[in-house]
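*Asks:* Take a look at this one; I'll ask things after.
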Amino acid sequence: MAKTLPNHNPLHLKSWKALQQHQQELAQTTIADHFLQEPDRIEYSVLEWEDFYVDVSKNRINKRTLELLLQLANESGLEQAIQAQFNGVAINETENRAVLHTALRQVDSQPVLVSGKNILPEIASTKEKMYQFCEQIISGQWKGYTGKAITHVVNIGIGGSDLGPAMVYEALAFYKNHLDVRFVSNVDGDHYREKIKDLNPETTLFVVVSKTFTTQETLSNANSIRAWFLEQAPESAVKNHFAAVSTNLEKTTAFGIAAENIFPMNDWVGGRFSLWSTVGLSIALAVGPKHFEALLNGAGQMDVHFKTSTFDKNIPVVLALISIWYNNFWGAETEVLVPYTEYLRQLPAYLQQGIMESNGKGVGRDGKAVAHQTGTIIWGASGTNAQHAFFQLIHQGTKLIPADFIGFRKSIHGNQDHQQKLLANFIAQTEALMKGKSAATVETELKAKGMDTAAIAALTPFKVFEGNRPTNTLFIEQLTPYNLGALIALYEHKIFVQGILWNIYSYDQWGVELGKELANTVLEDLNSQHPQKHDPSTDALIARSK
Ligand code: F6P
1 MAKTLPNHNP LHLKSWKALQ QHQQELAQTT IADHFLQEPD RIEYSVLEWE
51 DFYVDVSKNR INKRTLELLL QLANESGLEQ AIQAQFNGVA INETENRAVL
101 HTALRQVDSQ PVLVSGKNIL PEIASTKEKM YQFCEQIISG QWKGYTGKAI
151 THVVNIGIGG SDLGPAMVYE ALAFYKNHLD VRFVSNVDGD HYREKIKDLN
201 PETTLFVVVS KTFTTQETLS NANSIRAWFL EQAPESAVKN HFAAVSTNLE
251 KTTAFGIAAE NIFPMNDWVG GRFSLWSTVG LSIALAVGPK HFEALLNGAG
301 QMDVHFKTST FDKNIPVVLA LISIWYNNFW GAETEVLVPY TEYLRQLPAY
351 LQQGIMESNG KGVGRDGKAV AHQTGTIIWG ASGTNAQHAF FQLIHQGTKL
401 IPADFIGFRK SIHGNQDHQQ KLLANFIAQT EALMKGKSAA TVETELKAKG
451 MDTAAIAALT PFKVFEGNRP TNTLFIEQLT PYNLGALIAL YEHKIFVQGI
501 LWNIYSYDQW GVELGKELAN TVLEDLNSQH PQKHDPSTDA LIARSK
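Residues in the sequence shown are numbered consecutively from 1, following our numbering.
Following this line, the structure appears as structure tokens:
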């Protein structure tokens, strides 16, 4: 293994050992101390790119930490790996595939070769077909089987064929047209039933999205929805109301989707990185080709930043390194993402798949079990809601939880009063997490409230905040399709960098494949008079399900 990417044991790198030593030296220094010790801290720890202002100064790092982390990136062969990815080398070695979601949004026309063939012309023509389809649906030129225009779209897919489109649809709600788009993913039959119960088949378009077109959930939902549709419409109506996105053109045709409604995707796009491809059809329908194009452009320009910036000024690289610093040298297990906008409510769920399906690996590129920590656990919710839910644990709990705060300087609808309150919270939280509150401050505050000495002494320990909780602040001008594209691409590159440094393969997902096989075995047993023997617990659950 590891023919296309560098292969190393991170634990044996000079920088890794130096970082272990360095962590011990820094263990007693707080973030606030670092600010006192480094007058130029802000200058070197703020990264600016286009509309992005990324401040990593509120971390348990100093200049030396960054130097060592950058050395780690260099010793890991990151530069070479970036070239390999963008040049279409089959770096997804366990599936023998290139990883080229970046080609879908490439801003120049430099050829990208897969098996010696430039894939850019095909990308352009597929996109053109998709945009024409979108224009027809949006303008109402496309008619349903009774001659009415389409008003509703249902995206049927799961994982990467659902989370990206669903997240972006919500994120770009302000930019959307009249089409109402819904997402059906779960094999739970109540999910699809609930989503379609008020729909009129005459005015609804169903988009079945599945890279493989073999996924149990998606096929079950697509079949049940088609049966519901055919209860009301003739078979000949399917061609006006069903479209598909897949690499598996045989299976989409067998399902009965008209050839002109099939939008191909390629195996060099991983499911969780596929919203830029035809998988983004529901997004393009909802916001129109112009905004979809802006989304692609933002991502494409972030790709340029990632490919061409020196590592010390490279936002995805620096964020990846800081995350590795906590994951591998401070024992942090999780990272929290808090977007301060309701539009990005689903970003943590989307990135859970992106990050955890990519880097949740325990075997290195050398085929051996790794002896270091890999993928972080990702979670989060929108701010300020999250402040009233789990922030207590981040402030005063026993766990170290590095946080990404994502905020936008300008609101979209322009209510300044609300925006200032939102930003005040966004900024104040990172300050509070860093500074905490000392016993002396608590005592002074309680005294000012007129509390007696004994009561103050009893209450003070509970009101003290240790502080020294690390945060990154990603402060972006405004939530536009372009900036959203750039933000998503930023996290995609962070995933890539971490996979390279941890010496794992980020683009396969064998762990999920096992789940699919196991469910099929149990499904057979649920329908069988003579189920196979499992363990006593599983046998009892199967028996109880009948
Ligand atoms: O969850 C596993 C997975 O393979 C994801 O990687 C993928 O996004 C999802 O299933 C859906 O797969 P498909 O698009 O082939 O239906």
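For every residue, glycine included, the Cβ atom is placed at its ideal position computed from N, Cα and C. The structure displayed is predicted, hence computed values, not measured ones.
Count the C-beta pairs between the region 442-449 and the region 460-477 that are closer than 8 Å, then say yes if the count reaches three, no if not.
*Replies:* yes
*Asks:* Grouping DSSP H, G and I as helix and E and B as strand, with all else coil, what is N118?
*Replies:* Counting from 1 along the sequence shown, the entry for residue 118 is found at position 118. Three-state DSSP puts N118 in a strand.
*Asks:* Cβ of I283 versus every heavy atom of the ligand F6P: is any distance shorter than 8 Å?
*Replies:* If you number the sequence shown from 1, residue 283 lands on position 283. Checking the Cβ of I283 against the ligand F6P gives no.
*Asks:* Which runs of the beta strand (DSSP E), 3 residues or longer, sit entirely within the region 357-382?
*Replies:* Here the runs fully enclosed are 377-380.
*Asks:* Taking the C-alpha atoms as reference points, what is the distance between L479 and D55?
*Replies:* Translated into positions along the sequence shown, residue 479 becomes position 479. Translated into positions along the sequence shown, residue 55 becomes position 55. In a straight line, the C-alpha of L479 is about 18 Å away from that of D55.
*Asks:* Tell me the rounded alpha-carbon separation between E79 and I123.
*Replies:* Within the sequence shown, numbered from 1, the residue matching residue 79 stands at position 79. Within the sequence shown, numbered from 1, the residue matching residue 123 stands at position 123. So the two alpha carbons sit approximately 26 Å from each other.
*Asks:* Under a Cβ-count criterion, where at least 16 other Cβ atoms within 10 Å of its own Cβ denotes burial, should V512 be classed as buried or exposed?
*Replies:* To locate residue 512, count along the sequence shown from 1; it is residue 512. Answer is exposed; the Cβ neighbour count stays below 16.
*Asks:* Does any heavy atom of the ligand F6P sit closer than 8 Å to the C-beta of Q509?
*Replies:* Taking the sequence shown and counting its residues from 1, one reaches residue 509 at position 509. Correct: Q509 has its Cβ closer than 8 Å to the ligand F6P.
*Asks:* Taking the beta carbon of L514 as the centre, do at least 16 other beta carbons fall within 10 Å, making it buried, or is it exposed?
*Replies:* Taking the sequence shown and counting its residues from 1, one reaches residue 514 at position 514. With fewer than 16 Cβ atoms within 10 Å of its Cβ, L514 is classed as exposed.
*Asks:* Who are the near neighbours of A149 in its chain, counting only those whose CB is closer than 6 Å to its CB and skipping five residues on each side?
*Replies:* By one-based count along the sequence shown, residue 149 stands at place 149. Excluding sequence neighbours, A149 sits near G140.
*Asks:* Rank K533, A457, N527, A166 by C-alpha distance to the C-alpha of S545 and give the top, closest one.
*Replies:* Counting from 1 along the sequence shown, the entry for residue 545 is found at position 545. It is N527 whose Cα lies nearest to the Cα of S545.
*Asks:* Please classify W268 as buried or exposed, where buried requires at least 16 other C-beta atoms within 10 Å of its C-beta.
*Replies:* Within the sequence shown, numbered from 1, the residue matching residue 268 stands at position 268. It counts as buried.
*Asks:* Can at least three beta-carbon pairs, one atom from the region 13-30 and one from the region 444-453, be found at a separation below 8 Å?
*Replies:* no
*Asks:* What I want to know is whether the C-beta of G375 ends up closer than 8 Å to one or more non-hydrogen atoms of the ligand F6P.
*Replies:* Within the sequence shown, residue 375 is the residue found at index 375, counting from 1. Not so, every heavy atom of the ligand F6P lies at least 8 Å from the Cβ.
*Asks:* Between which two residues does the beta strand (DSSP E) harbouring N186 extend?
*Replies:* By 1-based counting over the sequence shown, the position of residue 186 is 186. Taken as a continuous stretch (DSSP letters only), N186 belongs to no beta strand (DSSP E), as it is neither H nor E.
*Asks:* Nearest to I137 by CA position, among D33, F206, K211, is which residue?
*Replies:* Counting from one through the sequence shown, the residue named residue 137 turns up at place 137. For I137, the nearest C-alpha among the options comes from F206.
*Asks:* Please classify V279: does DSSP put it in a helix, a strand, or coil?
*Replies:* Within the sequence shown, the letter at position 279 stands for residue 279. Helix.
*Asks:* Out of Q83, A27, E492, state which residue places its alpha-carbon closest to the alpha-carbon of I315.
*Replies:* Indexing the sequence shown from 1 puts residue 315 at position 315. Cα-wise, what sits closest to I315 is E492.
*Asks:* In whole angstroms, what separates the C-alpha of Q37 from that of A27?
*Replies:* Walking along the sequence shown from the start, residue 37 turns up at place 37. Walking along the sequence shown from the start, residue 27 turns up at place 27. When rounded, the distance between both Cα atoms is 15 Å.
*Asks:* Sort I61, T151, I488, V112 by Cα distance to F329 and report the nearest one.
*Replies:* Here residue 329 is taken as the residue at index 329 of the sequence shown, counted from 1. Ranking the options by Cα distance to F329, first place goes to I61.
*Asks:* Using a Cβ distance threshold of 8 Å, determine whether the region 283-298 contacts the region 111-119, with at least three qualifying pairs required.
*Replies:* no
*Asks:* Taking the alpha-carbon positions, what's the L11 to A173 distance?
*Replies:* Here residue 11 corresponds to residue number 11 of the sequence shown, with the count starting at 1. Here residue 173 corresponds to residue number 173 of the sequence shown, with the count starting at 1. Whole-angstrom Cα-Cα distance: 46 Å.
*Asks:* Heavy atom of the ligand F6P less than 8 Å from the Cβ of R272, yes or no?
*Replies:* Translated into positions along the sequence shown, residue 272 becomes position 272. Checking every heavy atom of the ligand F6P against the Cβ of R272, one is found closer than 8 Å.
*Asks:* Can you tell me whether DSSP reads P461 as helix, strand or coil?
*Replies:* In the sequence shown, the residue the question calls residue 461 occupies position 461. Residue state, collapsed to three classes: helix.
*Asks:* Where does the unbroken alpha helix (DSSP H) through Q391 begin, and where does it stop?
*Replies:* Here residue 391 refers to the residue found at position 391 when the sequence shown is read from its first residue. The residue you asked about is not Gln; residue 391 is Phe in the sequence shown. Bounds of the alpha helix (DSSP H) holding F391 are 391-396.
*Asks:* Answer with buried or exposed for W510, where buried requires no fewer than 16 other C-beta atoms within 10 angstroms of its C-beta.
*Replies:* Within the sequence shown, numbered from 1, the residue matching residue 510 stands at position 510. Per the 10 Å Cβ criterion, exposed.
*Asks:* According to DSSP, is D40 helix, strand or coil?
*Replies:* Against the sequence shown, residue 40 aligns to sequence position 40. D40: coil per DSSP, three-state reduction.
*Asks:* Indicate, with yes or no, if the ligand F6P has a heavy atom lying under 8 Å from the CB of S125.
*Replies:* Indexing the sequence shown from 1 puts residue 125 at position 125. Checking the Cβ of S125 against the ligand F6P gives no.
*Asks:* Kindly give me the distance between the Cβ atoms of R469 and L433, rounded to whole angstroms, as I take these residues to be in contact under 8 Å.
*Replies:* Within the sequence shown, residue 469 is the residue found at index 469, counting from 1. Within the sequence shown, residue 433 is the residue found at index 433, counting from 1. Between L433 and R469 the Cβ distance is about 4 Å, and since that is below 8 Å, they are a contact.
*Asks:* From K195 to V184, what distance separates their C-alpha atoms?
*Replies:* The count along the sequence shown starts at 1 and reaches residue 195 at position 195. The count along the sequence shown starts at 1 and reaches residue 184 at position 184. Near 7 Å, if we compare the C-alpha coordinates of V184 and K195.
*Asks:* I need the straight-line Cα distance from H534 to K516, nearest angstrom please.
*Replies:* The residue given as residue 534 occupies position 534 in the sequence shown. The residue given as residue 516 occupies position 516 in the sequence shown. One C-alpha to the other measures close to 17 Å.
*Asks:* Please report the distance separating the alpha-carbon of W502 from that of V89.
*Replies:* Counted from its first residue, the sequence shown places residue 502 at position 502. Counted from its first residue, the sequence shown places residue 89 at position 89. Using only the alpha carbons, I get a separation of about 19 Å.
*Asks:* Within the same chain, show all residues whose beta-carbon is closer than 6 Å to that of S358, passing over the 5 residues directly before and after it, in chain order.
*Replies:* What you label residue 358 is simply residue 358 of the sequence shown in a count that begins at 1. Once the five neighbours on either side are set aside, the close Cβ partners of S358 are I495, S506.
*Asks:* Under 8 Å: does the beta carbon of L280 sit that close to some heavy atom of the ligand F6P?
*Replies:* For the purposes of this step, residue 280 is taken as residue 280 along the sequence shown, with counting starting at 1. Note that residue 280 is Gly in the sequence shown, not Leu. Result no, Cβ not under 8 Å from the ligand F6P.
*Asks:* Per DSSP, what kind of secondary structure is S57 in: helix, strand or coil?
*Replies:* Here residue 57 refers to the residue found at position 57 when the sequence shown is read from its first residue. Here S57 sits in coil by DSSP.
*Asks:* For V304 versus F311, is the C-beta spacing smaller than 9 Å?
*Replies:* Against the sequence shown, residue 304 aligns to sequence position 304. Against the sequence shown, residue 311 aligns to sequence position 311. In this structure, F311 does not lie closer than 9 Å to V304 by Cβ.
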